[in-house]
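Student: Input: one structure, supplied below.
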Amino acid sequence: MPHDTSLIGTIVAGLGVAFLMGALAHRLRISPIAGYLLAGVLVGPFTPGFVADTGLALQLAEIGVILLMFGVGLHFSLKDLLSVRKIAVPGAIAQIAVATALGMMLGLWLGWSVEGSAVFGLALSVASTVVLLRALQARDMVETEKGRIAVGWLIVEDLVMVLALVLLPAMFGDRGDEGGSAGLLQSAAIVLLKVIGFGAFMFVIARRVLPWVLHWVAHSGSRELFRLAVLAIALGVAFGAAVIFDVSFALGAFFAGMILGETQLSRRAAEETLPLRDAFAVLFFVSVGMLFDPKVLIEQPGPVIATVAIIVVGKSVAAYALVRAFGHNSGTALTVSVSLAQIGEFSFILAGLGVGLKVLPETGRDLILAGSLLSILFNPILFSLAVKRMRSDEPEEVEAVGVDAPAPCNAGVVLIGYGRVGSHIGSLICGRGEGLTVIEDQKDMAASAREAGATVIVGDATKESILRQAGLDTASTLLIAIPEGVEAGAIVRRARAINPKLVIVARAHSDEEVADLVRRGADHVVMAERETASRMAERAMLTLA
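Under our numbering, the first residue of the sequence shown is numbered 14, with each subsequent residue one higher.
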């Protein structure tokens, strides 16, 4: 072809093979992440057939990290972050120290230098942003105490890694420099000043400018322009944070999302970026698979097993003990420890830097990549086992995850979604003094529903546990006011299975959605366009009469 198609080929191969492997994994009832990782191995340079561009794949994956952290920031307030600082800061630092020490012991046992072993251990100490957040989001834990501690812990780890990436070249770049100590202190001071400068910029300037820009675009009435503004803010702030302040893309995107999360447009911004977040998150897992050489499993099985053990067992035990030491229950400790039992993007960067500085042997990089892939593969399994353990040990705590009240509700009417449509429905029902239970996954919307007099459950309505918590098995009517047709269909199917006698009323935006909702069990489906046309026609007929 006359044009360079490396980027197109990488995206097509990555998403296409990931879809096939993800579908196969779903059919086998295992985590789709396993399929995405296998897809990366298949299109990577270590297997025959088509080979995607690894460099481009890693850059595309970085976009996924940016968008994912931006989305988390939209649901994560500064108050939430500060509320866990007493455990996240000392806990993360202590866990990094333990994991680094274990990695150093393995490196020294393999005959590496002290410096190389230290870099190896440091690379094993930091968790993957994407894996941790996807695991928490899949179980509606991001906004719980467990999730806030895990995310706060992750932010501290990111800051430590940013410091390490700057100090390593200063420490090992020119070992013959007698002024090495002075240069090291100078580099550390510069890093600290840049981090402080970034924080000051975000909370003094960006906190005023970014919400104003987004509100101005929203008032323009252009959905396309609003979507473009959200993406420009997320990617622009992340890129500027990395280029100007030398902090990570992920950290910059997180703070941009956290600032916009304080505005009333946070829900809309999250919805507009969701499709891209999912697509690029898949490319992240594909990129990890592309870096993996399966031969390392055969050539070095012992060191690979030891590396995975440090990541999955060593880090988890250390994190569990630390969380328990700070007075939290076993459920919280188990969630945080399992969340951190994997490594990802920062580990690859550290490994590459260590090899480039001729401190870490290439064998160390291979072990880090193998440990990353295997730990990411095991993480969903570990999370499922942890959830089962929490259900058996602390059932009352699991039931209350993301929920305002631990006991099932008994309201006759359950409303899902308290946005523009749901809030009008809620005001009409509550205004008549009728009992109403609202399921809403956005804290600001949930607060509005609570003020209106409804019983509120904060959680994902597609989860059967949340529907049962709302008392759906004894309710008479279910009103689905969310605009997403796919999610609404899943809710209808699960609600009908819970309560066959339930009257289900849903909204739709097309004839196809109407047919799908009815097929899944909805009794009545309201399509906005039809209702608007009917009302306008009635008014016109009255005028003519």
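Every residue gets a Cβ at the ideal spot worked out from N, C-alpha and C, and that includes glycine.
Values in this document were obtained by computation on a predicted structure and should not be read as measured data.
1) Are there any heavy atoms of the ligand COA lying less than 7 Å away from the beta-carbon of glutamine 355, as far as the coordinates show?
2) Determine the burial state of arginine 543: buried for a count of at least 16 other Cβ atoms within 10 Å of its Cβ, exposed for fewer.
3) If we ignore side chains and look at the alpha-carbon of each, how far apart do isoleucine 24 and phenylalanine 32 end up?
4) Output the distance between the C-alpha atoms of phenylalanine 298 and threonine 490, rounded to the nearest integer angstrom.
5) Less than 8 Å separating the beta-carbons of alanine 242 and isoleucine 79?
6) Can you name, in chain order, every residue of its own chain whose Cβ lies under 8 Å from the Cβ of alanine 420, other than the five neighbours on each side?
7) Which whole-angstrom value describes the C-beta separation of isoleucine 452 and alanine 467, a residue pair presumed to lie in contact below a C-beta threshold of 8 Å?
8) Tell me the rounded alpha-carbon separation between glycine 120 and valine 321.
9) Look at the Cβ atom of alanine 354, then the Cβ atom of serine 388, and state whether they are nearer than 8 Å.
10) For glutamate 237, count neighbouring Cβ atoms within 10 angstroms of its own Cβ and tell me buried if that reaches 16, exposed if not.
11) For the alpha helix (DSSP H) that glutamate 500 lies in, which residues bound it at each end?
12) Given a cut-off of 8 Å on the beta-carbon distance, is the pair leucine 335 and leucine 273 in contact?
13) Using DSSP bridges, identify the partner residues of threonine 450.
14) If the criterion is Cβ atoms closer than 8 Å, does the pair valine 169 and valine 102 meet it?
15) Can leucine 55 and valine 30 be called in contact, C-beta distance under 8 Å?
16) Let's see if you can read the secondary structure: which residues bound the beta strand (DSSP E) around leucine 373?
17) Per DSSP, which one or two residues make a beta bridge with isoleucine 493?
18) Measure the alpha-carbon distance for leucine 149 versus methionine 554 and round it to whole angstroms.
19) To test your reading of the DSSP string, which unbroken alpha helix (DSSP H) runs of 4 or more residues are found completely within the stretch 138-190?
20) Could you spell out the range, first to last residue, of the alpha helix (DSSP H) harbouring valine 539?
21) Among Ile100, Val175, Gly212, which has the Cα closest to the Cα of glutamate 158?
22) Along the alpha helix (DSSP H) that carries alanine 251, what are the first and last residues, could you check?
23) So, alanine 74 versus serine 360, is the Cβ gap smaller than 8 Å?
24) Assuming leucine 115 and glycine 129 form a contact by the criterion Cβ under 8 Å, report the distance between their Cβ atoms to the nearest whole angstrom.
25) Here's the rule: buried if 16 or more other CB atoms are within 10 angstroms of the residue's CB, otherwise exposed. What is aspartate 171?
Tutor: Working from what's here:
1) With respect to the ligand COA, the structure shown offers nothing to examine, as it has no ligands at all.
2) So arginine 543 counts as exposed.
3) C-alpha separation (whole angstroms): 12 Å.
4) If I take the Cα positions, the gap works out to 41 Å.
5) no
6) Confidence in alanine 420 is poor, its pLDDT being 46 and thus under 50, which makes the residue's placement too unreliable to answer from.
7) Between isoleucine 452 and alanine 467 the beta-carbon gap is near 10 Å, outside 8 Å, which marks them as no contact.
8) 14 Å
9) yes
10) exposed
11) 498-511
12) no
13) Val427, Thr468
14) yes
15) yes
16) In the DSSP assignment, leucine 373 falls outside any beta strand (DSSP E) and carries neither an H nor an E.
17) Ile429, Ala519
18) 54 Å
19) 142-151, 158-185
20) Run containing valine 539: none in the alpha helix (DSSP H); it sits in the beta strand (DSSP E), 537-540.
21) Of Ile100, Val175, Gly212, the residue nearest in Cα terms is Ile100.
22) 236-258
23) no
24) Contact doesn't hold; Cβ gap of about 15 Å is too wide.
25) Aspartate 171 is buried by the Cβ-count criterion.
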